[in-house]
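Position one of the sequence shown corresponds to residue -19 (the working numbering), numbered consecutively onward. Just so you know, even glycine gets a beta-carbon here, dropped at the ideal spot from N, CA and C. Bear in mind that the values here come from a model prediction, so they are computed numbers and not experimental data. Structure first, then comments.
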Amino acid sequence: MTATSPAPRLATHAVNALLNIKPLAALAKNRARAMMINRAERIGVPWRDRVAELRQLDWEPHRAQVENPDLDYPEYYYRAFHAYDQGNLSWDAALEVECAAHTVHAPLYPNAGKDGDKRGDQHLRSSYHEVLQGQIPTPPRDILDLGCSVGMSTFALQDVYPDAQITGLELSPYFLAVAQYHSEQRDRAITWRHGAAEQTGLPDASFDLVSACLIFHELPLTAARDIFKEARRLLRPGGHFAMMDMNPRSQIYQKMPPYILTLLKSTEPYLDQYFALDVDQELPAAGFAPPTITPNTIRHRAIVTQAI
Ligand SMILES: C[S@@+](CC[C@H](N)C(=O)[O-])C[C@H]1O[C@@H](n2cnc3c(N)ncnc32)[C@H](O)[C@@H]1O
């Protein structure tokens, strides 16, 4: 662990103290949100127009099609996330997530100008898929996308493995309703399942690849461990588990001023636990081979392992 000099430590304490004052935290959240929307529109993501367009639709029938009303949500899932008080359990989050992802991923593709949003996102996904294709010799027939959100990772996997049967599993019925709507619009055959990744209710040994894109940084350690075990149960012998997420060893996080990291953590409540997750130890403990870890962008890593 690197020692933090007194000045950044003071700034971190100051940021923490301010975030503990509710009205100030709300102000900071609103300010951060306005900055994000303005930044999106500056780089060509039509945030307000796109969200207004989506808001016109009647979403409840879509939710009814995908929702499992008997599902018990894990306690940790009720926390505020990404500046949404209801976390991922709201239409606001579901209708804005695609624009937000494009905006956040834009800087991953340098010099892309106004197309930075799409190219950044495509770069993130294709760099992950290159790792998958390099390490999984036989194209998987049955694929499960854990934490599929509105389907961005699921559609991207289907583009790479067009002959596979793909299931997208997600805990937010709002996000899943949007995924289902997109697949209808785009004529994509994908099975959507409302459920928790740690207890999917899917049959043993029913997948060749279980993939988890950008979900683990949203999880406490206990949930991460449970999901590794569930993925192992769902895989056929020799099947692969793969995840892609923030890389705690990337220079970007290593060199990030601690008070900025504190601000980031205020919208990502389990980031500390994710940064402490030791995949080299936890994946073998769940029945996997030692994983390979490949940095796939300046701030992400792809992790691939095989069921043994
Ligand atoms: C940052 S999003 C990533 C979405 C998508 N995979 C992508 O790459 O764009 C993480 C998603 O994981 C979902 N999630 C979080 N915990 C989950 C759990 N225990 N089971 C299923 N989904 C979960 C969240 O609701 C959210 O949609």
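Reduced DSSP category for residue i - H, G, I as helix; E, B as strand; rest coil
| i | result |
| --- | --- |
| TYR89 | coil |
| PRO(-14) | With a pLDDT of only 48 at PRO(-14), under the threshold of 50, the placement of this residue in the model should not be trusted; the figure read from the coordinates follows. Three-state result, PRO(-14): helix. |
| CYS128 | coil |
| VAL25 | coil |
| ALA256 | helix |
| MET178 | Reading off the sequence shown, one finds Glu at residue 178, where the question assumed Met. Residue state, collapsed to three classes: coil. |
| SER246 | helix |
| TYR64 | strand |
| ARG173 | strand |
| GLY114 | helix |
| SER186 | coil |
| ARG212 | helix |
| ASN265 | For the record, residue 265 in the displayed sequence is Ala; it is not Asn. Three-state result, ALA265: helix. |
| GLU47 | coil |
| THR202 | helix |
| GLN145 | strand |
| PRO275 | strand |
| GLN138 | helix |
| GLY106 | The sequence as given places Ser at residue 106; Gly does not occur at that position. Three-state result, SER106: helix. |
| ILE288 | coil |
| MET15 | helix |
| ARG229 | coil |
| ASP38 | coil |
| ARG168 | coil |
| ILE207 | helix |
Short Cβ contact (7 Å threshold) for residue i with residue j
| i | j | result |
| --- | --- | --- |
| ALA159 | VAL190 | no |
| ILE195 | LEU126 | yes |
| LEU199 | TYR250 | yes |
| LEU124 | PHE187 | yes |
| VAL111 | ASN276 | yes |
| THR180 | LEU156 | no |
| LEU75 | LEU37 | no |
| ILE207 | ALA177 | yes |
| ALA287 | GLY175 | no |
| ALA269 | MET224 | no |
| LEU201 | GLN253 | yes |
| TYR154 | TRP71 | yes |
| VAL25 | HIS82 | yes |
Residue nearest to residue i in terms of C-alpha spacing, selected from the options
| i | options | result |
| --- | --- | --- |
| LYS9 | GLU21, GLY267, ALA282, GLU248 | GLU248 |
| LYS235 | GLY181, ILE278, ARG173 | ILE278 |
| ARG121 | LEU251, ASP252, ARG216, LYS245 | ARG216 |
| ARG59 | VAL84, ASP50, LEU69, HIS42 | LEU69 |
| HIS151 | THR285, ARG19, GLY67 | Looking at the sequence itself, residue 151 is Leu, so the reference to His does not match. Among THR285, ARG19, GLY67, the Cα nearest to that of LEU151 is on GLY67. |
| HIS42 | PRO54, GLN165, HIS82, PRO26 | GLN165 |
| ALA86 | ASP184, GLU21, LEU149, ILE146 | GLU21 |
| HIS280 | VAL130, GLN261, PHE255, PHE268 | PHE255 |
| ARG229 | THR274, THR242, PHE221 | THR274 |
| THR134 | TYR56, CYS193, PRO119, MET15 | CYS193 |
| ILE146 | PRO153, THR118, ASP139, THR171 | THR171 |
| TYR64 | ARG13, LYS209, ALA287, MET132 | ARG13 |
| PHE221 | ALA144, THR285, ALA81, THR83 | THR285 |
| ARG19 | PRO119, LYS209, GLY114, VAL84 | VAL84 |
| ALA80 | LEU214, GLU178, ARG30, TYR53 | ARG30 |
| ASP143 | GLY131, THR118, MET15 | THR118 |
| VAL77 | VAL130, TYR239, GLY114, SER163 | VAL130 |
| LEU214 | ALA266, VAL46, ILE116 | ALA266 |
| VAL46 | SER163, HIS197, MET16, LYS209 | SER163 |
| SER246 | GLU40, PHE61, ILE23 | PHE61 |
| TRP27 | ARG205, LYS209, ALA73, PRO49 | ALA73 |
| ASN48 | ARG173, PRO237, THR242, MET15 | ARG173 |
Beta-carbon separation (whole angstroms), residue i vs residue j, contact threshold 8 Å
| i | j | result |
| --- | --- | --- |
| GLY100 | TYR108 | Wrong, their Cβ atoms sit about 13 Å apart, outside the cutoff. |
| ALA136 | ARG168 | Their Cβ separation, rounded to whole angstroms, is 11 Å, which puts ALA136 and ARG168 out of contact at 8 Å. |
| ASP260 | PRO271 | 7 Å |
| TYR56 | ALA203 | 6 Å |
Please enumerate, following chain order, all residues with a beta carbon closer than 7 Å to at least one heavy atom belonging to ligand 1. PRO54, TYR57, ASN68, ALA81, ASP125, LEU126, GLY127, CYS128, SER129, MET132, SER133, LEU149, GLU150, LEU151, SER152, PHE155, GLY175, ALA176, ALA177, GLU178, CYS193, LEU194, ILE195, GLU198, LEU199, ALA203, ILE207
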